[in-house]
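Undergrad: Protein chains in written order, with this note's numbering: chain X, 1 to 310; chain Z, 311 to 653; chain R, 654 to 1168; chain U, 1169 to 1506; chain P, 1507 to 1800. Here it is, the structure in full.
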Amino acid sequence: MSIAIELTDIGVEFPVGRDWRGRVKSWAHALNGVSLRIARDRTLGILGESGCGKSTLAQVMTGLLAPSTGAIAGVSGAERISIVLQDPNSSLDPRMPIWRIVMEPVFLKQTRTREDLRREATALLVKVGLRPEHIDRYPHEFSGGQRQRIAIARALSSAPEIIILDEPTSALDVSVQAQILNLLRDLQREHRLAYVFISHNVSVIRHFCDEVAVMYLGQIVEQGPSAKVFATPAHPYTRLLLDAVPKIGRGRSTGQLDETELPSNRVLPAGCFFRSRCRFAGAGCEKPQPLRLLEGNHKLRCHKDLPAEA
Amino acid sequence: MKLQPSAQNRPATAGPMSTTPVLSIRGLSLEFPVWQGALHALEDVTIEINAGEIVGIVGESGCGKSVTAMATMRLLPEAAYKVTSGALSLLGHDMLAATETELRHIRGSGAAMIFQEPLTALNPTRRIGTLMTEVIRAHRKIGKKEAQAHAVKLLKSMRIADAEAVMNRYSFELSGGMRQRIVIALAFANDPKIVIADEPTTALDVTVQRQVLTLLQNRARDVGAAVMLITHDLGVVSEYTDRVYVMYAGKVVETGPTASVLTKPCHPYTHALLAAGPDQVAPGEALASIPGTLPDLREDIPGCRFADRCAYAQGLCRTTPPPMRQDAGGQSYACWIEEEAQA
Amino acid sequence: MKHLTLTTCITAAMLATSAYAATPADTLVIGKAADPQTIDPGVTIDNNDFTIAYPAYQRLVAYDVKDGKGQTTVSGQLAESWTVSPDGKVWEFKLKPGNVFSDGSPVDAEAVRFSFERLMTLAQGPSEAFPAGLAVEAVDPMTVRFTLPDPFTPFLYTLANGGAAIVNPKVMEHEKDGDLGRGWLSANTAGSGAYMLANWEKGQSIKLVPNPHYGGEAPALASVEVRIVPDASARRLALEAGDLDIAESLPVDQTAALEGVNGVEVQTNPSLLVTYLYMNNAKSPFDSVEARKALIAAVDKDAIIEGIMMGQAKPLNGPIPEGMWGYDASIPASEYDPAAAKAAFADLGLSGKTVTFALSEQDAAWPMIALAVQANLAAAGVNVKLESSANASYRDRLGAGDFDIAIGNWSPDFADPYMFMNYWFDSTKKGLSGNRSFYSNPKVDELVRTAATTTEQPEREALYQEAQKIVVDEAAYNYLFQRSSQLAMRDNVKGYVFNPMLENIYDFAAMSKTQ
Amino acid sequence: MNILVVLRRRLMFLVLVIFGVSLITFTISHMIPGDPARLLAGDRASDELVAQMRENLGLDQPLYVQYGRYIAGLVQGDLGTSIRTGRPVLEDIVAYFPATLELVIVALIFSILVGVPLGVASAVWRNGIIDQLARTFAAIGISTPAFWLGLLLLVAFYGRLGWFPGSGRLDAGIAPPPTITGMYVFDSLVTGQFKTMINAIWHLVLPALCLGFVHVGVIARQIRSAMLDQLSEDYVRTARASGLSKARVILIHALPNAAIPSVTVLGLAFGDLLYGAVLTETIFAWPGMGAYVVNSIQALDFPAVMGFTVIVSMAYVLVNLAVDLAYIALDPRIKEVG
Amino acid sequence: MMAAMSQYLTVFKNPAFGRTWARVRQSPVTVTGLVMLVVVVILVGLLPFFLGTDPNAINLRARLSTPSWQHPFGTDEVGRDIFSRVMHGGRISIGVALFVVAVSATIGTLIGGLSGIFGGKVDTLIMRLMDIVLAVPSLVLTMALAAALGPSLWNAMVAITLVRIPTYVRLARGQTLVVREAGYIMASRVFGARSGQLLGLHVVPNIMSPILVQATLDIGAVILMVAGLSFIGLGAQPPAAEWGAMVSAGRGYILNQWWYSAFPGVAILFTSIAFNLLGDGIRDLTDPRQKGRS
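In structure tokens form, the structure reads like this:
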């Protein structure tokens, strides 16, 4: 298993607000010590709710954002890393024809003839399930699913090792989401790609990823093989998250309420970050929690062993 | 599989109801004029919601669910659309003929609406208290103090702890979940008989979504209001609605009690929609996607609107629109194909 | 919007009653194009400023008035009599008793001495009319003596101009940083004239009231108000409406349109303001007499006078205009002869060549004249490139001689042919000072310099006329015309006297209004 | 971003602006060919006299010395002495500026009073007749040369109809009120001289109409655009769905929010109005800065031009500071957003 | 300008052209602007070639004559035919305005775009500089600049161009800050685009619409500015027919010879209104709010 990229203890903070003398008043702690490794052929899912730092993580991996602390090893820069963004409406330049969009990663770096670029664009479009005659059209002539296909073709054009998929299907309908996920799966097999799949959607991650990292307030709270994590979630937050997802077949809601609110990342909680929301909180939680290894590559940032759920 | 164009099909809503419905949409067809033609946004839509019911309207983008909601409240820009046929009655008022004064009376008091984006749904430059008392006093002849007290009571009913303090805040100072709770409080300000909630939790995280939907459901039960819950999430439909209407391309394709529709779908579209969910197959396996795309609603579609993407489509499907048929379990669907054929 | 307009109209109609309130009978209201800049007589050289400054002060001598017409000759105002030494260098003046400044202090020899010393120390524009090194002493309280370094015959006439105003020495009480009271006097008056400044709303209006201590007869007008109305059309409208009694500086087209307007009268008088073309004598092609003569023949002077000046001017044939002594009626009119001009230009090899014509839009007539000249020369085979610039920049060009043709106006500061002959032709005055054609002829230099120091007028007249013949023959300038001065006023204004030396300057003490 | 932050930034910026503006103006105005000493001395002055005057005015010094002296004076509040009038520039500006300010303020009020309703109507009935007319009106307003309109107004309302006075700030017989701000309407109101006030207002009508006309269009356009933004916001839909009347939603909810971004436009409009005032002032004999500065430029009166520029730039920056503060006051969001 | 224009005209190339044109037709304001502009182009661009009258031919004996068959717009103070001068003058006035707007918009867009992309200190520096220039009263700046450069139409154009730039810098920067947030910019950065590439590939094409609208709206204003400079002798030099100079020259005759300033004035008004209506219409049509319907 070859490592495509490895992040060690990445921390990112942004200044928030300045006082009247122009000094920074406080910091937003977006990432607080994230370590990850991604291997070729594999899909790593990053699961978390808004504000957990998953988009910042994507920016760090693509090199758009220099981390405040920590190190990145492995492939870097535009050569080997590509990206597919969430909103296919905004991620394609409306003033460019499709062939230019698709080949942008190539012509930014190399001088190639127009014919060359167009030929390659045609091939890529066909590969993602569009038709050759589409290359001269503009983005607004396509549906959301088709646009996401174009974005995928673009991500492929630089022949990357890793593609960061930042919520690639959250703006799409379920039926279209299925098409895109299938396509991504096929492409991964064909090109031996490593995927980092960022999403808040539990079922998509469960379905699509080999491995999953659950993030909370800029930390990974649980990580491991997807089958394992979803079958036996060990962290209270993971459990909360999985329980919250409405599911067909669970029956009518009982009307029972959980009071739960994400704390601000301006002032990080002392000890376990999840403590204030955790119904298992107790002694030992006031200390910072390290990521500990359970069996089978399953890691957990909690000192407790929770009872198995009913 | 055989086609069954039979005379014994009955209209879906034919059964006698114990009470008069709070909302009754019958055969509503609505179009938006566009260049050299019209976009047929709704076609022969029939929806009925009874007092105290929570009814889901589910479908993918472009299916017409939001247009239905907006049309129900007569909130579509007047110049931009045209109702070509059908009737729409909300709390006994003919909404298609209602005057501006009538509408003002119905909106916010008898019928309320909740929108998708809680951030933008509240005027950012006015305090929560001002917004709430304004709506309260628009429908009740009470003083400012009284209205404020009522507003605080409403906020508390939405489990907002320091309601008095929140009255003085602006919407942007609150979290998304908090905002949506305020929006719900606002919707219940004048004891509505029906609340139309258009994708109320799409912009929220799942943990918050659960709170908000639960609060909405509980509150509706407490005051006996019906809820029209519009969503694209079948899980939400499953957990929070009594009945469901599945819409596709401007038409209702299937309706019935939620549990039976979701476990025993009759229409090929409902079936396909359920099957496309990533939960439906083992991890790593290919998902059952629906091929093709939504038909162009500007064109005249002679037959079933799903025919082009339907695995079972036959000749008749492409020439004649299927009528609504009812099965024994109170489930109705618009399809030419017999239900057992799909099982 | 509709509603608003309606409200405005109603309000307006309610208020409109006072709109046609004609000016009060004891107040004279003058509409002026521009606010005076400074009314310190020791600083300004602008007649626009002297509208205020002139009547507030008195001078040793004043221009005569004969049969209701202003003259260029002078007689004593503060001075009772004077003598001049045979060498023409020492002038002694005896003061009239009984003249008093506006604060009640008497006008004496010391005040005269102070005024001239202040003038020469300030060394601003007006001091230029007086010989440098002028010495003044108070011989006794009522006698003052001027000693000139060189004989300067026009001296007597310079004493009538604005800069020679006698200023109350008490202004020194307002002196700041050794400015000789300049700052204070720029917006106040301290003279013995009939009127004094009462109030000045910057850019808006100036009010003059009678000097309570004035030595002469008490004036009829209780106040004079000068209102600043920059736009000519607006001034004309205000005059027609009766909001102004006098509207200054109206262009000829506006005054022509005022003919026949009820209650308005336009006074037309020959002035000493001349308009002429400078042909650069120091530079090819107009360093040749033939070229200059060809140009003169090419320009249709009559068409310009008729067409552009609307007849409100008369042709000028020599440097001294009619109405100034020294004028020579025998100088022949230049002849408009395009064919001859064309032939001459062809002979000189100038056909098809381009010459520059520098101008500014300081005078509204200049661009029109320039266009006419351009058209005339085009007909004679020479192209003219018009170069119009801001006035300050234009004057720089004049000073530097950076032009082939240029245009200018000239009016005398004091009533002496010196103002024309010496300034225009003395080769030491080349450039902006006066000799703007850069003309040079030692013979002419000698003639005009002698004339300036000769004391006898007939002799001087002869010298100037001899010089005139030469410069006309050598076509130093193209003299175009001598303007008529026009002033539009309500017909109930009485006592206005035009003096060609005092345009825009009024003797308010002699004026009145009938109801 | 709180008020202190804004104040600190703006005041620092003010210093920067004054320095920058004076440097730009100084450099450019000294590039203009022409000699102010010569201009002042008169056409016929001898070279010696001109040289002497140049020395008196300090114009014989190298440019950097002149600029240094100017800045040194500026720090002490001394804007120098006008070459043209011989008075301290500050004194001249104090005399002329209030008139311009009064005219600009009234014109601004006029254009707001007409422009805002026009813009609102235009947005509410988008693409309807009112919208088309309002937009056409705006286009005409923006396209009309001010001096042309001024003359038309003058001929019509003064010359022919005699409804309004044609020049100046007060009638001949009426004395100005005691100087407090130098703005007659305000001063006479404060001192209770109502007759003077009415006369002053009456004199303001035509010039303000002329000057404001252009900005009616500018403001109507801005408000229309901002209103369209607001009307497409979700909260408007919420308000409508809550049964609030259309008028209430438009006037109480959308309009104040539309006004917030439009405030910045007013700041810019202030600058434009100062520019436009020059021609208007000439036509209506309005004794303001307009004529003063044009004459100063033509007379190469550097201290006057620079004084004017510095003061107007300061006014511009201060108005924009006021706009920023108004923004903070009007929009509760600003306090929170970093 | 041409590149920008052709970029902009891609609107007409794509299949949505039909619908766009339909919307244009439904907007009387835009159609009016377009028709007026066509009239201007015909009168100013073509008519002078057929006219044959010399706009500079003076006739002092026929000065200020009232409009007649011979002189449809009358004559001016030196007897020139105003009709022919207005037709010829349009080419100067409109030409100058087009030049000034094109150059200042191009330079302003590039500076503003780069400023917006770079952000940080560069941005602060550029914007402060622009703020200072904006704080100088534009009248004084143009007058002083034009006077300093010397009186000619060219220098007046340079002066106005310089003064107009900050407006475009601000506009372009503001738009860039919006566009900068778009996904395609982020993607392009991930793919390794440098700032210049971002500017050329994405930013400029995407901020072009509002800038072209602003430019269209500006043309009228620039015509008026040129007129102002010509009036004080810093613009077009005589005998060039320039509308502003003509209006200004005719100003003194407005009470009796109304036609002198009226016709060039109407020409300015007409042209400026045409550009304004057109710009306003384009802005409204390219406005995303028009298309959106939830």
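All C-beta atoms in this analysis are idealised placements derived from N, C-alpha and C, irrespective of residue type, glycine included. Remember, it's a predicted structure, so these values are computed and weren't measured experimentally.
For residue 692/R, which three-state DSSP category applies?
TA: coil
Undergrad: Taking 7 Å as the threshold (beta carbon to beta carbon), is residue 150/X in contact with chain Z?
TA: no
Undergrad: Does the CB of residue 507/Z have a neighbour CB from chain U at under 7 Å?
TA: no
Undergrad: What residues in its chain sit with their C-beta under 8 Å from that of residue 408/Z, if we drop five residues either side in the sequence?
TA: Hits under 8 Å: 384, 416.
Undergrad: Out of curiosity, what's the CA-to-CA distance linking residue 763/R and residue 797/R?
TA: 8 Å
Undergrad: With DSSP collapsed to three states, give me the class of residue 1342/U.
TA: Residue state, collapsed to three classes: coil.
Undergrad: Does the region 1608–1618 of chain P come into contact with the region 1654–1673 of chain P, if we say contact requires no fewer than three beta-carbon pairs (one atom in each stretch) closer than 8 Å?
TA: Yes, they touch.
Undergrad: Compute the Euclidean distance between the alpha carbons of residue 994/R and residue 1001/R, then round it to the nearest angstrom.
TA: 10 Å
Undergrad: So with CB distances below 7 Å, who are the chain U contacts of residue 800/R?
TA: Neighbours of residue 800/R on chain U: none; closest Cβ ~20 Å, over 7 Å.
Undergrad: Quick one: what does DSSP say residue 205/X is sitting in, helix, strand or coil?
TA: helix
Undergrad: When burial is assigned at 16 or more other CB atoms within 10 Å of the CB, is residue 1180/U buried or exposed?
TA: exposed
Undergrad: Is the region 1146–1159 of chain R touching the region 915–922 of chain R, taking contact as three or more C-beta pairs under 8 Å?
TA: yes
Undergrad: Considering only DSSP beta bridges, list what residue 634/Z is partnered with.
TA: Answer by DSSP bridge pairing, in chain order: 644/Z.
Undergrad: Mind checking residue 375/Z: buried by the 16 CB within 10 Å criterion, or exposed?
TA: buried
Undergrad: Do residue 394/Z and residue 341/Z come within 7 Å of each other at the CB atom, strictly closer than that value?
TA: yes
Undergrad: What residue ranges within the region 518–606 of chain Z form continuous alpha helix (DSSP H) runs of no fewer than 4 residues, ordered along the chain?
TA: 544–550, 568–573, 578–586
Undergrad: With a threshold of 16 other CB atoms inside 10 Å of the CB of residue 746/R, please say whether the residue is buried or exposed.
TA: buried
Undergrad: How would you write the range of the beta strand (DSSP E) that residue 198/X sits in, first residue to last?
TA: 194–199
Undergrad: Could you check where the beta strand (DSSP E) with residue 354/Z kicks off and where it finishes?
TA: 347–359
Undergrad: Kindly indicate the opening and closing residues of the beta strand (DSSP E) around residue 1358/U.
TA: From DSSP, residue 1358/U is part of no beta strand (DSSP E) but of the alpha helix (DSSP H) over 1352–1358.
Undergrad: Just to check my reading of the structure: residue 1252/U and residue 690/R have Cβ atoms closer than 8 Å, yes? What is that Cβ distance to the nearest angstrom?
TA: 5 Å
Undergrad: What first and last residue would you give for the beta strand (DSSP E) that runs through residue 1476/U?
TA: Note, residue 1476/U: premise wrong, no beta strand (DSSP E); alpha helix (DSSP H) at 1470–1498.
Undergrad: Within 7 Å (strictly less), CB to CB, does residue 433/Z reach chain U?
TA: yes
Undergrad: Do we get a CB-CB distance below 7 Å when we pair residue 563/Z with the residues of chain X?
TA: no
Undergrad: Alpha carbon to alpha carbon, what distance is there between residue 681/R and residue 674/R?
TA: Reliability of the predicted coordinates at residue 674/R is poor, the pLDDT of 48 falling under 50, and no value is obtained from them.
Undergrad: Tell me the rounded alpha-carbon separation between residue 1096/R and residue 1122/R.
TA: Rounded to the nearest angstrom, the two C-alpha atoms are 12 Å apart.
Undergrad: May I have a chain-ordered list of the beta strand (DSSP E) segments no shorter than 3 residues that lie completely inside the region 219–289 of chain X?
TA: 219–225
Undergrad: Taking DSSP's pairing of strands, which residues face residue 918/R in a bridge?
TA: The beta-bridge partner set that DSSP reports for residue 918/R consists of 1142/R.
Undergrad: Chain R beta carbons: is any one of them nearer than 7 Å to that of residue 1154/U?
TA: With chain U running from 1169 to 1506 in the structure shown, residue 1154/U is simply not present.
Undergrad: Could you give the C-beta distance for residue 887/R and residue 1453/U, rounded to a whole number, given that I count them as a contact under 8 Å?
TA: 6 Å
Undergrad: Hey, is residue 1052/R's beta-carbon within less than 7 Å of any beta-carbon in chain P?
TA: no
Undergrad: According to DSSP, is residue 746/R helix, strand or coil?
TA: strand
Undergrad: So, helix, strand or coil for residue 1711/P, using DSSP?
TA: Collapsing the DSSP output to three states places residue 1711/P in a helix.
Undergrad: Is residue 1188/U close to chain P, meaning its C-beta is less than 7 Å from at least one C-beta of that chain?
TA: The beta carbon of residue 1188/U falls within 7 Å of a beta carbon belonging to chain P, placing the residue at that interface.
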